[in-house]
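Down below is the structure, laid out as structure tokens.
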Amino acid sequence: KQEVTQIPAALSVPEGENLVLNCSFTDSAIYNLQWFRQDPGKGLTSLLLIQSSQREQTSGRLNASLDKSSGRSTLYIAASQPGDSATYLCAVEIFYPAKLIFGTGTRLQVFP
Amino acid sequence: DAGVTQSPTHLIKTRGQHVTLRCSPISGHKSVSWYQQVLGQGPQFIFQYYEKEERGRGNFPDRFSARQFPNYSSELNVNALLLGDSALYLCAYRPDSSYEQYFGPGTRLTVT
Chain A
1 KQEVTQIPAA LSVPEGENLV LNCSFTDSAI YNLQWFRQDP GKGLTSLLLI
51 QSSQREQTSG RLNASLDKSS GRSTLYIAAS QPGDSATYLC AVEIFYPAKL
101 IFGTGTRLQV FP
Chain B
1 DAGVTQSPTH LIKTRGQHVT LRCSPISGHK SVSWYQQVLG QGPQFIFQYY
51 EKEERGRGNF PDRFSARQFP NYSSELNVNA LLLGDSALYL CAYRPDSSYE
101 QYFGPGTRLT VT
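Okay, structure coming up:
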């Protein structure tokens, strides 16, 4: 059974710091891995998707890496800003049924 | 995100009642999934539909049902509501041309 774990559960940092959020999964048979951002009480915003054949993806200040063999992904946030404060969720997509399995998220607070 | 809409935004129901939640894409994305997110947890997969056919079902009781209409909009129905059904219900669409899933803003259901 696929399980997804995110560490740390919460993080509070001053503005400007570079951050690493971790995601691990137990079964390497995944279709892809997606990182999402969720603001309180809101839906999910897709940040980055890494296909199983890829090693990393970048979008602006965000970089996500994927190591399927070790069951790990990291989300790197450069030069954090207060607007980055949110919960960050990683999810792996398995083949059948095609569904996302989520971690419990990392709650990030960036203070000025 | 990506134009997915959900209605209603918030809903308060009493135990034993029935509820219908709705989800629509802006364009004709054919694949829709439903997720339940309990406070403090990651979303849990409920259903996936593609071209109006059920393609996957998560570990939820038969009180939960769904359908997809010819215009690819979708409904999630929950019968005999329990207090534990209180959650944020999210739907997500995936375009045929993309691996990413795009989530709506969610419906907050409170069962009293």
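Chains as they are written, first to last, in the numbering used here: chain A, 1 to 112; chain B, 1 to 112.
We put the beta carbon where it would ideally sit given N, CA and C, even for glycine.
Please classify residue i as buried or exposed, where buried requires at least 16 neighbouring CB atoms within 10 angstroms.
i	result
residue 119 of chain B	Examination of residue 119 of chain B is not possible in this model, given that chain B is present from 1 through 112 alone.
residue 94 of chain B	buried
residue 124 of chain A	Residue 124 of chain A cannot be examined here, being either before or after the span of chain A that is shown, 1 to 112.
residue 7 of chain A	exposed
Just the Cα atoms here: how many angstroms apart are residue i and residue j?
i	j	result
residue 109 of chain A	residue 65 of chain A	22 Å
residue 21 of chain B	residue 44 of chain A	18 Å
residue 27 of chain A	residue 1 of chain A	8 Å
residue 3 of chain B	residue 47 of chain A	16 Å
residue 102 of chain B	residue 24 of chain A	22 Å
residue 111 of chain B	residue 10 of chain B	11 Å
residue 70 of chain A	residue 77 of chain A	22 Å
residue 104 of chain A	residue 39 of chain A	14 Å
residue 98 of chain B	residue 15 of chain A	34 Å
residue 27 of chain B	residue 96 of chain B	11 Å
Under 7 Å Cβ-Cβ, which residues of chain B neighbour residue i?
i	result
residue 105 of chain A	42
Less than 8 Å between C-beta atoms, sequence neighbours within five positions excluded: which residues of the same chain meet that for residue i?
i	result
residue 66 of chain B	34, 46, 47, 49, 54, 74, 75, 76, 77
residue 99 of chain A	93
residue 37 of chain B	43, 44, 87, 88, 89, 90, 106
residue 59 of chain A	47, 48
residue 58 of chain B	44, 45, 46, 47
In chain order, what residues of the same chain have a beta carbon less than 7 Å from the beta carbon of residue i, not counting five sequence neighbours either side?
i	result
residue 1 of chain B	Per-residue confidence for residue 1 of chain B stands at a pLDDT of 45, beneath the threshold of 50, marking its modelled position as unreliable; the derived number appears in the next sentence. Result list for residue 1 of chain B: 102, 103, in chain order.
residue 83 of chain B	15, 111
residue 63 of chain B	78, 79, 80
Here's a check: name, in chain order, each residue in its chain whose Cβ is nearer than 6 Å to the Cβ of residue i, leaving out the five neighbours to either side.
i	result
residue 33 of chain A	50, 66, 73, 92
Please list, in chain order, the chain B residues whose beta carbon lies closer than 8 Å to that of residue i.
i	result
residue 32 of chain A	99
For residue i, go through chain A and note every residue whose CB falls closer than 8 Å to its CB, in chain order.
i	result
residue 103 of chain B	36, 43, 44, 45, 46
residue 90 of chain B	43, 44
When every heavy atom of the ligand ADP is checked, does at least one fall within less than 6 Å of the C-beta of residue i?
i	result
residue 70 of chain A	Of the ligands one can find in the structure shown there are none, so the ligand ADP has no counterpart to examine.
Under 8 Å (Cβ pairs) to chain A, residues found in the region 46-77 of chain B: Contacts with chain A (Cβ-Cβ distance below 8 Å) from the region 46-77 of chain B involve 48, 55, 56, 57, 58, listed in chain order.
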